[in-house]
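Enquirer:
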């Protein structure tokens with residue numbers, strides 16, 4: 005009798021101890037924001053070579069076309085992202101003309117868009133969507149959506165490293181777009197790099213996604229990937245490099 009009751013109570017206590025703790029999403033956001041503050045303090049700017057590959061679906065099953073932009077990528081914490089287009093290839097062949105060629109895509113000078121820059125602040129509602137493994141690291145998966153659906157913001161998920169609080173990956177759909185772009189969804193993967201003064205800083209390493217555009221009554225879809233290489237963090241000549249690109253003849 006009494007012993008049986010004590011055994012059952014002991015088992016209940018054991019089960020309670022073994023019950024997995026679920027971290028509140030507010031705590032996940034706090035850890036991410038603390039990491040972001042340190043990241044902002046350590047990373048003023050960086051440059052990279054960014055190669056953007058587009059695979060365009062043209063018309064209703066009438067074929068596709070490959071377009072590649074080779075860019076010098078510039079990112080500054082206070083100035084945002086931009087890039088200088090240094091080369092364009094159509095079906096793998098370099099385009100040698102000064103101007104962008106006539107392609108069966110809308111406003112080709114505007115489709116080479118810079119990556120999404122999402123600030124996870126009070127304009128979003130957050131919920132915890134579970135745990136995941138990203139690049140071999142345990143991560144919390146956080147769902148975010150705009151509090152005001154009429155604003156031009158983003159909707160999706162991002163992954164926070166359980167150990168460091170770092171942003172490992174973001175998968176988002178851009179809302180409130182203007183023609184010719186109709187939709188823009190992309191997944192950005194981040195990776196660590198040695199900081200110039202020690203430690204680690206996290207930067208974009210790869211982007212993949214899909215965009216849709218309207219043109220002459222048609223809806224055109226494009227698969228897009230962006231690969232970053234030859235990264236230079238906090239280069240002392242960043243301002244000079246950017247100024248040279250902005251005053252040069254290449255498209256920005």
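Numbering (the numbering used here), first residue to last: 5 to 256. Glycine included, every Cβ here is placed at the ideal spot set by N, Cα and C.
Does the distance from the CB of residue 120 to the CB of residue 176 come in under 9 Å?
Expert: Locating residue 120 in the chain shown gives position 116, counting from the first residue. Locating residue 176 in the chain shown gives position 172, counting from the first residue. Contact: yes.
Enquirer: By DSSP's criteria, residue 145 is part of a beta bridge. Which residues make up the other side?
Expert: Translated into positions along the chain shown, residue 145 becomes position 141. Note: residue 145 sits in a beta bridge opposite 163.
Enquirer: If you measure from the CB of residue 42, is any heavy atom of the ligand ZN nearer than 8 Å?
Expert: This structure simply doesn't include the ligand ZN, nor any ligand for that matter.
Enquirer: Note the first and the last residue of the continuous alpha helix (DSSP H) segment covering residue 42.
Expert: Translated into the one-based positions of the chain shown, residue 42 becomes position 38. Looking at the DSSP string, the run of the alpha helix (DSSP H) that includes residue 42 is 29 to 46.
Enquirer: Just mark residue 95 as buried or exposed, buried being the case when its beta carbon has 16 or more other beta carbons within 10 Å.
Expert: Mapped onto the chain shown, residue 95 falls at position 91. Residue 95 comes out exposed.
Enquirer: When you compare the CB positions of residue 71 and residue 60, do they come within less than 9 Å of one another, or not?
Expert: On the chain shown, position 67 is the one that residue 71 refers to. On the chain shown, position 56 is the one that residue 60 refers to. The answer is yes: Cβ separation under 9 Å.
Enquirer: Hey, how far is the Cα of residue 53 from the Cα of residue 25?
Expert: Stepping through the chain shown from its first residue, residue 53 is reached at position 49. Stepping through the chain shown from its first residue, residue 25 is reached at position 21. When rounded, the distance between both Cα atoms is 43 Å.
Enquirer: What does the alpha-carbon distance come out to for the pair residue 39 and residue 233?
Expert: Translated into the one-based positions of the chain shown, residue 39 becomes position 35. Translated into the one-based positions of the chain shown, residue 233 becomes position 229. Cα to Cα, residue 39 sits roughly 24 Å from residue 233.
Enquirer: Can you find the residues in the same chain that come closer than 7 Å, C-beta to C-beta, to residue 241, ignoring five residues on each side of it along the sequence?
Expert: Numbered from its first residue, the chain shown carries residue 241 at position 237. Excluding positions up to five away in sequence, the list is empty.
Enquirer: Given this structure, state the Cα-to-Cα distance separating residue 148 from residue 167, to the nearest angstrom.
Expert: Taking the first residue of the chain shown as position 1, residue 148 is located at position 144. Taking the first residue of the chain shown as position 1, residue 167 is located at position 163. Each residue's Cα considered, the two are about 21 Å apart.
Enquirer: Are there 16 or more other CB atoms within 10 angstroms of the CB of residue 188, so buried, or fewer, so exposed?
Expert: Translated into positions along the chain shown, residue 188 becomes position 184. With 16 or more Cβ atoms within 10 Å of its Cβ, residue 188 is classed as buried.
Enquirer: Can you list, in chain order, the residues of its chain whose CB lies under 6 Å from that of residue 244, leaving out five sequence neighbours each side?
Expert: Position 240 of the chain shown, counted from the start, is the residue given in the question as residue 244. Cβ within range, chain order: n/a, list empty.
Enquirer: Just the Cα atoms here: how many angstroms apart are residue 76 and residue 179?
Expert: Along the chain shown, one-based indexing puts residue 76 at 72. Along the chain shown, one-based indexing puts residue 179 at 175. Cα-Cα distance, rounded: 27 Å.
Enquirer: Rounded to a whole number of angstroms, what is the C-alpha to C-alpha distance between residue 127 and residue 150?
Expert: Translated into positions along the chain shown, residue 127 becomes position 123. Translated into positions along the chain shown, residue 150 becomes position 146. Rounded to the nearest angstrom, the two C-alpha atoms are 6 Å apart.
Enquirer: May I ask which residues mark the beginning and end of the beta strand (DSSP E) holding residue 194?
Expert: Counted from its first residue, the chain shown places residue 194 at position 190. Taken as a continuous stretch (DSSP letters only), the beta strand (DSSP E) holding residue 194 covers 185 to 198.
Enquirer: Skipping 5 residues on each side, what residues in its chain have a beta carbon closer than 6 Å to that of residue 206?
Expert: Sequence index remark: in the chain shown, residue 206 carries index 202 (1-based). Cβ neighbours of residue 206 beyond the five flanking positions: 170, 194, 196.
Enquirer: What three-state label does DSSP hand residue 88 in the structure shown?
Expert: Here residue 88 refers to the residue found at position 84 of the chain shown. If DSSP states are grouped into helix, strand and coil, residue 88 belongs with the strands.
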